[in-house]
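K.L.:
Protein chains in written order, with our numbering: chain A, 1 to 114; chain B, 1001 to 1114.
Note that beta-carbon positions come from the ideal geometry of N, C-alpha and C, so glycine has one too.
Take this structure first; my questions come after.
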């Protein structure tokens, strides 16, 4: 079955430190990849997406992600985090086809400490 | 421009009852998708509507249904509620159907079934 795995359920990090949130998906011929962020009591907000083209994708709030087809990964990175980045982050994958839908990972809670 | 609005924000129902949730998309958006978010299962796709037609459906029982009106507003209905239906129900709208168009999420309706 098609799946998305976010390897860390919680990631604590100090302010201004770099962070990487990991996401792996089950192999498929064509995939579209997304990262969303959810702040407490709010809906999801799109951080970035990969549909095609350059494998390094830059998003909002200084985040970027790299699509690695051979590793079936789409890890999210930020070189220096802020307290305001504390939130839950979701990786989502669309397994191709016009009638497919998004499959989400279970989420990673990023906690930025001063 | 106003964002996606969902009503009500909180709802408490009894097992066996039915419930209707409402979603008003961003003005001009024609596609509406619904998701269920629970601690155990995470985020799961329910269905997508575009131009009053269900375009895509997730793997949920027939107790879950939806519709879209000519003004793009959407409702979802859950009949014969079960305890496991307790969840945050998120609605997302996009300009058109398809992954090239960013989905904008509402704050969700938190349904508690007792």
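#1: Give the range of the beta strand (DSSP E) segment to which residue 1096 (chain B) is assigned.
#2: Listed from N- to C-terminal order along the chain, which residues in the segment 40-51 of chain A have their beta-carbon within a distance smaller than 9 Å of any beta-carbon of chain B?
#3: Go to residue 1012 (chain B), then tell me how far its beta strand (DSSP E) extends in each direction, as first and last residue.
#4: Taking only beta-carbon positions, decide if residue 102 (chain A) is within less than 7 Å of chain B.
#5: Identify whether residue 1026 (chain B) lies in helix, strand or coil by the three-state DSSP scheme.
#6: Check the Cβ of residue 90 (chain A) against every Cβ in chain B and list those closer than 7 Å, keeping chain order.
#7: Under 7 Å Cβ to Cβ from residue 83 (chain A), same chain only, skipping five residues before and after it: list those, please.
#8: Counting contacts by CB-CB distance shorter than 7 Å, is residue 106 (chain A) in contact with chain B?
#9: Going straight from the alpha carbon of residue 79 (chain A) to that of residue 17 (chain A), what length do you get?
#10: Taking 8 Å as the cut-off, does the segment 1007-1025 of chain B touch the segment 1071-1082 of chain B (at least 3 CB pairs, one atom from each stretch)?
#11: Ignore the nearest five residues each way along the sequence and tell me which others in residue 20 (chain A)'s own chain have a CB closer than 8 Å to its CB.
#12: Do the CB positions of residue 1056 (chain B) and residue 101 (chain A) come within less than 7 Å of each other?
#13: State the Cα-Cα distance for the pair residue 1082 (chain B) and residue 1031 (chain B), rounded to the nearest angstrom.
#14: Under 7 Å between C-beta atoms, does residue 1108 (chain B) make it to chain A?
#15: Taking the alpha-carbon of residue 1078 (chain B) as reference, which of B:1013, B:1065 and B:1009 has the nearest alpha-carbon?
#16: Strictly below 9 Å CB to CB, what residues from chain A border residue 1058 (chain B)?
#17: Would you mind sorting residue 65 (chain A) into buried or exposed? The rule is 16 or more other CB atoms within 10 Å of its CB.
#18: Does residue 1105 (chain B) have its Cβ less than 7 Å from a Cβ in chain A?
#19: When DSSP labels each residue in this structure, what does residue 1081 (chain B) get in the three-state scheme?
P.N.:
Per the coordinate set shown:
#1: Here residue 1096 (chain B) belongs to no beta strand (DSSP E), and DSSP marks it neither H nor E.
#2: Taking 9 Å as the Cβ-Cβ cut-off against chain B, the residues of the segment 40-51 of chain A that qualify are 41, 42, 43, 44, 45, 46, 49 and 51.
#3: From DSSP, the beta strand (DSSP E) with residue 1012 (chain B) extends over 1010-1013.
#4: It does; some Cβ of chain B falls within 7 Å.
#5: Shown here, residue 1026 (chain B) sits in coil according to DSSP, grouped into three states, outside any helix or strand.
#6: Close to residue 90 (chain A), with beta-carbon spacing below 7 Å, are these residues of chain B in chain order: 1043.
#7: Answer for residue 83 (chain A): 15, 112 and 114, listed in chain order.
#8: Nearest CB-CB separation between residue 106 (chain A) and chain B: below the 7 Å threshold.
#9: The alpha-carbon separation between residue 79 (chain A) and residue 17 (chain A) amounts to approximately 7 Å.
#10: The segment 1071-1082 of chain B makes contact with the segment 1007-1025 of chain B; the number of CB pairs closer than 8 Å reaches 3 or more.
#11: Hits under 8 Å: 75, 76 and 77.
#12: Yes, they are a contact pair.
#13: Distance between the alpha carbons of residue 1082 (chain B) and residue 1031 (chain B): 28 Å.
#14: True, the Cβ-Cβ gap to chain A drops below 7 Å.
#15: Nearest neighbour of residue 1078 (chain B) by Cα position, chosen from B:1013, B:1065 and B:1009, turns out to be B:1065.
#16: Within 9 Å Cβ-Cβ: 101.
#17: It is buried - the Cβ of residue 65 (chain A) has at least 16 other Cβ atoms within 10 Å.
#18: Output row for residue 1105 (chain B): interface = yes.
#19: In this structure, residue 1081 (chain B) counts as coil in the three-state DSSP scheme.
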